Amino acid sequence: MRPRVVVNVAMSADGKLSTRERRQVRISGSVDFARVDALKASSDAVMVGIGTVLADDPSLTVKSDANRQVRTAAGKSVNPARVVVDSSARIPLAASVLHKGEGQRIVAVSERADPARVAALEPLATVIVAGRDVVDLTVLLDRLGALGIRQLMVEGGGTLIASLFAAGLVDEYYTFVGNIIIGGKDAPTPADGDGWIHESAFTRLELVEAERMEAGILLHWHVVRR
Ligand SMILES: NC(=O)c1ccc[n+]([C@@H]2O[C@H](COP(=O)([O-])OP(=O)(O)OC[C@H]3O[C@@H](n4cnc5c(N)ncnc54)[C@H](OP(=O)(O)O)[C@@H]3O)[C@@H](O)[C@H]2O)c1
Numbered sequence: 051m052r053p054r055v056v057v058n059v060a061m062s063a064d065g066k067l068s069t070r071e072r073r074q075v076r077i078s079g080s081v082d083f084a085r086v087d088a089l090k091a092s093s094d095a096v097m098v099g100i101g102t103v104l105a106d107d108p109s110l111t112v113k114s115d116a117n118r119q120v121r122t123a124a125g126k127s128v129n130p131a132r133v134v135v136d137s138s139a140r141i142p143l144a145a146s147v148l149h150k151g152e153g154q155r156i157v158a159v160s161e162r163a164d165p166a167r168v169a170a171l172e173p174l175a176t177v178i179v180a181g182r183d184v185v186d187l188t189v190l191l192d193r194l195g196a197l198g199i200r201q202l203m204v205e206g207g208g209t210l211i212a213s214l215f216a217a218g219l220v221d222e223y224y225t226f227v228g229n230i231i232i233g234g235k236d237a238p239t240p241a242d243g244d245g246w247i248h249e250s251a252f253t254r255l256e257l258v259e260a261e262r263m264e265a266g267i268l269l270h271w272h273v274v275r276r
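The opening position of the sequence shown corresponds to residue 51 in our numbering, with each subsequent residue numbered one higher.
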């Protein structure tokens, strides 16, 4: 069974995820951080693209002790499995996600990944090969489902999220919209990639909730199945 996919991003009031140099920006506040931590803690896995690992070096761990305790009390590992989508196994071997915190790590690569890089990764992470040139996300999600992952949280970035929308794999979409303008036509947005030309290819959303939160607004959407 394929996991339920929950995408979560924070964007500026002009729809940017970071600066044009892909520098991480604090867009939301502590209330949203706590919500995101709880969402992560309630997920079986959290996934990012290699672009996010290279730009931000996130650990993707659960931060609050209370959330960690809820997981361990339920017999789960402190952190959800952490998944990096990385066709050619470019991930630095010193990346925080490969070292910080307990729990399973998965790096998804394609068949074009250099076998020597894959071999170097294997002591640090489970390597899943899916797809010929880029990671085939449908195949990957089927493999994650087979590992028992029921809820997959996706933390970005925009290139990975666009591919997940294109493949019809997203179920829920949370966007925190913060009170800053970052600007820049080349700054990342929640669904980068090439975009869609025909309206029939647009992803349709149903608004579940709009909640005023600190200096911004949290939008919760469901994806309408075609
Ligand atoms: N504000 C937020 O909530 C938030 C959250 C996360 C990230 N960010 C920001 O977003 C930026 C990074 O985003 P990004 O778009 O550059 O990178 P990304 O989406 O994290 O990763 C994209 C990369 O994933 C790999 N990939 C492999 N298979 C893929 C597939 N089927 N579809 C799509 N990608 C695939 C590709 O590299 P290979 O071909 O080499 O595998 C691709 O270039 C950073 O600036 C970061 O700070 C912001």
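Just so it is clear, CB atoms sit at the ideal spot from N, CA and C, and this is done for glycine as well.
None of the values given here were measured: they were computed from a predicted structure.
On the DSSP bridge assignment, give the partners of residue 202 in chain order. Numbered from 1 along the sequence shown, position 152 holds the residue referred to as residue 202. According to DSSP, which records beta bridges pairwise, residue 202 is partnered with 55, 95.
Over what stretch of residues does the alpha helix (DSSP H) that includes residue 110 continue unbroken? Counting from one through the sequence shown, the residue named residue 110 turns up at place 60. Run containing residue 110: none; DSSP gives neither H nor E here.
Tell me the rounded alpha-carbon separation between residue 161 and residue 230. As a working mapping, residue 161 is identified with position 111 in the sequence shown. As a working mapping, residue 230 is identified with position 180 in the sequence shown. Spanning the two alpha carbons is a distance of roughly 41 Å.
Exposure of residue 132, with buried meaning 16 or more beta-carbon neighbours within 10 Å: Taking the first residue of the sequence shown as 1, we reach residue 132 at position 82. With 16 or more other Cβ atoms inside 10 Å of its own Cβ, residue 132 counts as buried.
Quick one, which of 256, 205, 73, 77 has its alpha-carbon nearest residue 93's? The residue given as residue 93 occupies position 43 in the sequence shown. Nearest of 256, 205, 73, 77 to residue 93, Cα basis: 205.
beta-carbon residue 165 near ligand 2 non-hydrogen atom, thresh 8 Å: Of the ligands one can find in the structure shown, namely ligand 1, none is ligand 2.
If we count the other Cβ atoms within 10 Å of its Cβ and call it buried at 16 or more, is residue 51 buried or exposed? For the purposes of this step, residue 51 is identified with residue 1 of the sequence shown, where counting begins at 1. For residue 51, the number of other beta carbons within 10 angstroms of its own is below 16, and it is reported as exposed.
If you drop the 5 nearest sequence neighbours on each side, which residues of the same chain put their C-beta closer than 6 Å to that of residue 102? For the purposes of this step, residue 102 is taken as residue 52 along the sequence shown, with counting starting at 1. Excluding positions up to five away in sequence, the list reads 206, 207.
Going by the CB atoms, is the gap between residue 176 and residue 154 shorter than 9 Å? Here the question's residue 154 lines up with position 104 in the sequence shown. Here the question's residue 176 lines up with position 126 in the sequence shown. A Cβ-Cβ contact shorter than 9 Å links residue 154 with residue 176.
Residues that residue 271 bridges to, as DSSP identifies them: The residue given as residue 271 occupies position 221 in the sequence shown. Within the DSSP bridge table, the entry for residue 271 names 223, 257 as partners.
Apart from the five residues just before and just after residue 100, which ones in its own chain have a Cβ nearer than 7 Å to its Cβ? Start at 1 with the first residue of the sequence shown, and residue 100 comes out as number 50. The residues are 134, 135, 136, 140, 141.
Is it true that the CB of residue 234 sits closer than 9 Å to the CB of residue 77? On the sequence shown, residue 77 is found 27 positions in, with the first residue counted as 1. On the sequence shown, residue 234 is found 184 positions in, with the first residue counted as 1. No, these two residues do not count as a Cβ contact at 9 Å.
Measuring only the C-alpha atoms, how far is residue 88 from residue 109? One-based indexing of the sequence shown puts residue 88 at position 38. One-based indexing of the sequence shown puts residue 109 at position 59. So the alpha carbons of these two residues sit roughly 16 Å apart.
With H, G and I counted as helix, E and B as strand and the rest as coil, what does DSSP make of residue 147? Here residue 147 refers to the residue found at position 97 of the sequence shown. Residue state for residue 147 is assigned as helix, using DSSP reduced to three classes.
Assuming residue 59 and residue 209 make a contact with CB atoms under 8 Å, what is their CB distance in whole Å? Along the sequence shown, one-based indexing puts residue 59 at 9. Along the sequence shown, one-based indexing puts residue 209 at 159. About 12 Å separates the CB atoms of residue 59 and residue 209; that is not less than 8 Å, and the two are not in contact.
I'd like the list of long-range same chain contacts for residue 107, defined as Cβ closer than 7 Å, with 5 residues on each side in sequence excluded. The count along the sequence shown starts at 1 and reaches residue 107 at position 57. These residues qualify, in order along the chain: 145, 146.
For residue 131: DSSP bridge partner residues: Position 81 of the sequence shown, counted from the start, is the residue given in the question as residue 131. Residue 131 has 95 as its beta-bridge partners, per DSSP.
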